[in-house]
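Undergrad: Residue numbers (our numbering), protein chains in the order written: chain A, 802 to 1023; chain B, 802 to 1023. We put the beta carbon where it would ideally sit given N, CA and C, even for glycine. All figures in this text were calculated on a predicted structure; none of them were measured in a lab.
2 protein chains.
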Amino acid sequence: VIKFGEGLEQLRNKLLEMSSLVEMGIVRSVHAAVHKDRSAAEEVLKNEPRINSIELEIDRLALDLLALHQPMARNLRFIVAALKINTDLERMGDLSFNIAQSAQSLIDATATTATVDIPAIAGLVQSMVRKSIDAFVEGNVDLAREVLTSDAAVDSLRTACYQKVIASMEKDKASVRPALDLLAVARNLERLADHATNIAEDVLFYVEGIDVRHNSEIGERR
Amino acid sequence: VIKFGEGLEQLRNKLLEMSSLVEMGIVRSVHAAVHKDRSAAEEVLKNEPRINSIELEIDRLALDLLALHQPMARNLRFIVAALKINTDLERMGDLSFNIAQSAQSLIDATATTATVDIPAIAGLVQSMVRKSIDAFVEGNVDLAREVLTSDAAVDSLRTACYQKVIASMEKDKASVRPALDLLAVARNLERLADHATNIAEDVLFYVEGIDVRHNSEIGERR
Chain A
802 VIKFGEGLEQ LRNKLLEMSS LVEMGIVRSV HAAVHKDRSA AEEVLKNEPR
852 INSIELEIDR LALDLLALHQ PMARNLRFIV AALKINTDLE RMGDLSFNIA
902 QSAQSLIDAT ATTATVDIPA IAGLVQSMVR KSIDAFVEGN VDLAREVLTS
952 DAAVDSLRTA CYQKVIASME KDKASVRPAL DLLAVARNLE RLADHATNIA
1002 EDVLFYVEGI DVRHNSEIGE RR
Chain B
802 VIKFGEGLEQ LRNKLLEMSS LVEMGIVRSV HAAVHKDRSA AEEVLKNEPR
852 INSIELEIDR LALDLLALHQ PMARNLRFIV AALKINTDLE RMGDLSFNIA
902 QSAQSLIDAT ATTATVDIPA IAGLVQSMVR KSIDAFVEGN VDLAREVLTS
952 DAAVDSLRTA CYQKVIASME KDKASVRPAL DLLAVARNLE RLADHATNIA
1002 EDVLFYVEGI DVRHNSEIGE RR
C-alpha cells in the first residue's frame, strides 16, 4: 500500500511529465505548420501513445489514493482537480496531434497560404499552458488568474486571423484547402487555450475551495 | 448531512436533467441550422446558463459524497464517473451553443449552401448521446459498447460531408462563408459524438472496473 504523501508526490510528478509532453507537442506541431517541418510533425504523432498511457496511470493512482486514504478538504480537492486536469491534458495531446496532421497536409499542398498570426497565437497559448500547470504545481492562484485573463486575448487574435484567411479563400479558390488547414490550426490553438483556462479554474477550486466557473466577475468562459 | 443512498439518487437525477437539456440542445440547434429556424437557435442560446449551473451543483454534490461517506469500489467509481460525465455534458452544451450560432449565421447569409448530410450525421449523434446516458443510468455495458462502435460511422459520414462542402467552396466563392458555417456544424456534431464516446468509456470503467480508453480491441479513440 502506497503512503499518502508519497502518492500525492507521484501524482504531481506524473502530471508534470504529462504536461511537459503536451507542451512539447504544442511547440513542435506549430513549428511543423509554420516552418513546413515534416519531421517535427511526425515526432508529435509518435509521442501521442505515451500521453495516453500516462493518462491511465494518473487516473489509476488518483483512484487508489481516494479509495485507500479517504482524503478530506484540500487533499480531496487536490485529487479531484488532478483527475480533471488529467482529462484536459489528454485532450490537449489530441489537439497537438490534430495540428501536426494539419501541418502534414499544409506541407503536401501545392498551393500555399501565409501562416498569418499563427506564431503570435501559439506563443500566447504556450504561455497560458505553462502558467496553468505551474499554478497547479505551486498552488499559485495569482498565476491561475493570469491565465483566465489571457483567454479573451486568444479569442480576439483568432477572430482576426479568421477574417484574413477567409478573405484569402474568397480571392483565390486554389487556396481553399490549405486555408482550411490553417483555420484548423488556429481553431485547435484556441481550444488549447480553453483547456488551459479549465486547468486554471481547477487550481482556484482546489486551493481556495471556490468555484469560479461560469462566474462573470473573474474572467468569462462559456 | 445527506444520506449516501439519497445522495447517489440525487446525483443520478441531476445528471439525467442535465442530459435532457443537452439532448434538446442538439436537436433544436440542428433543426435551426437545417430549417433556418431562428427561434430554435435562440432557445438553445438561452438554455445554456441552466446547463452551467447544474454542472456546478453536480460537482458540489459529488464532492460532498466523497468527503462525507468515503465510498469504496463500485460506488467510488460511480462518483468519479459522474464527475467526468458532468464535464463532458457541460462541453456538449457548449457545442450545441456553437451549432446554434452557426445556424444564426447561416440564416443571416445571403448566399446559400445545401445542408448535405447534416440531418443524417445529427440523427446518429443524437442516438449515441441518448445511448451513452441510458448506459450510465442503467449501468448497461452493452449499450455503452454500441456507442463505441458508432463513433467510426460518424467520422466517415463527416469526412464525406467535408469533401462535398469543400468542393462547393472551390466552385463558388460566394458560398465560402456559409460553407464554413456548415463545416462548423459538422465538426461540432463529430465532437458531440466524441463526448458520447467518452461517456460510454466511463460507464464501462465504473461498471466493470476496466479502463477501455486507448484500447484498440474495443473501439478506437484517440
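Which chain B residues are close to L867 (chain A), counting only those with a beta carbon under 8 Å from its beta carbon?
TA: Within 8 Å Cβ-Cβ: L867, L877 and V881.
Undergrad: Is D838 (chain A) helix, strand or coil when you go by DSSP?
TA: Here D838 (chain A) sits in coil by DSSP.
Undergrad: Would you verify that the beta carbon of H832 (chain A) is, or is not, closer than 8 Å to some beta carbon of chain B?
TA: It does not; no Cβ of chain B falls within 8 Å.
Undergrad: Note down, in chain order, every chain A residue with its Cβ under 8 Å from the Cβ of M970 (chain B).
TA: Going along chain A in sequence order, the residues near M970 (chain B) (Cβ under 8 Å) are M970, K974 and V977.
Undergrad: What residue from B:A923, B:R978 and B:F879 has the CA that sits closest to I1000 (chain B)'s CA?
TA: B:F879
Undergrad: Taking the alpha carbon of N876 (chain A) as the point to measure from, which residue in A:C962, A:R851 and A:G940 has its own alpha carbon closest?
TA: A:G940
Undergrad: Among B:M819, B:S830, B:M873 and B:I852, which one has its Cα closest to the Cα of F805 (chain B)?
TA: B:M873
Undergrad: Taking M873 (chain B) as the query, report the chain A residues whose CB atoms sit under 8 Å from its CB, ordered along the chain.
TA: A868
Undergrad: Classify H870 (chain A) as helix, strand or coil using the three-state DSSP reduction.
TA: DSSP places H870 (chain A) in helix when its eight states are reduced to three.
Undergrad: Tell me the rounded alpha-carbon separation between H996 (chain A) and T916 (chain A).
TA: 23 Å
Undergrad: Return the CA-CA distance between K815 (chain A) and I855 (chain A), expressed in angstroms with no decimal places.
TA: 7 Å
Undergrad: To which residues of the same chain is N853 (chain B) closer than 8 Å at the C-beta, ignoring the five residues directly before and after it?
TA: The answer, listed in chain order, is E891 and G894.
Undergrad: Mark Y1007 (chain A) as exposed unless 16 or more other C-beta atoms lie within 10 angstroms of its C-beta, in which case mark it buried.
TA: buried
Undergrad: Using the Cα positions of E947 (chain B) and G1010 (chain B), report the straight-line distance between them to the nearest angstrom.
TA: 18 Å
Undergrad: Which one of B:I827, B:H832 and B:L812 has the shortest CA to CA distance from E849 (chain B)?
TA: B:I827
Undergrad: Compare the beta carbon distance of R978 (chain B) and A904 (chain B) with 8 Å and say whether it is the shorter of the two.
TA: Contact: no.
Undergrad: Beta carbons nearer than 7 Å to chain B: which residues of the segment 803-833 of chain A have them?
TA: none
Undergrad: Is the shortest distance between the beta-carbon of R946 (chain A) and the beta-carbons of chain B less than 8 Å?
TA: Cβ-Cβ to chain B under 8 Å: no for R946 (chain A).
Undergrad: Starting from D935 (chain A), trace the alpha helix (DSSP H) in both directions and tell me its first and last residue.
TA: I919 to E939
Undergrad: Taking the C-alpha atoms as reference points, what is the distance between T950 (chain B) and A985 (chain A)?
TA: 26 Å
Undergrad: At 9 Å on the CB atoms, spell out the chain B contacts of R1014 (chain A), in chain order.
TA: N853, E856, L857, D860 and E891
Undergrad: What do you get for A833 (chain A), buried or exposed, if any count of 16 or more other CB atoms within 10 angstroms of its CB means buried?
TA: buried
Undergrad: On the criterion of 16 or more Cβ atoms from any shown chain inside 10 Å, does G808 (chain A) qualify as buried, or is it exposed?
TA: buried
Undergrad: Could one say the Cβ of K847 (chain B) lies closer than 8 Å to chain A's Cβ atoms, at least one of them?
TA: no
Undergrad: By how many angstroms is the C-alpha of K972 (chain B) removed from the C-alpha of I886 (chain B)?
TA: 42 Å
Undergrad: Find the residues of chain A that neighbour K885 (chain B), judging by a C-beta separation of less than 7 Å, and give them in chain order.
TA: T888
Undergrad: Going by alpha carbons, who is nearest to I919 (chain A) out of A:Q811, A:E844, A:R988 and A:L812?
TA: A:R988
Undergrad: Does any residue of chain B bring its CB to less than 8 Å from the CB of I967 (chain A)?
TA: yes
Undergrad: Between A:V966, A:L958, A:L990 and A:I859, which has its C-alpha nearest A883 (chain A)'s C-alpha?
TA: A:I859
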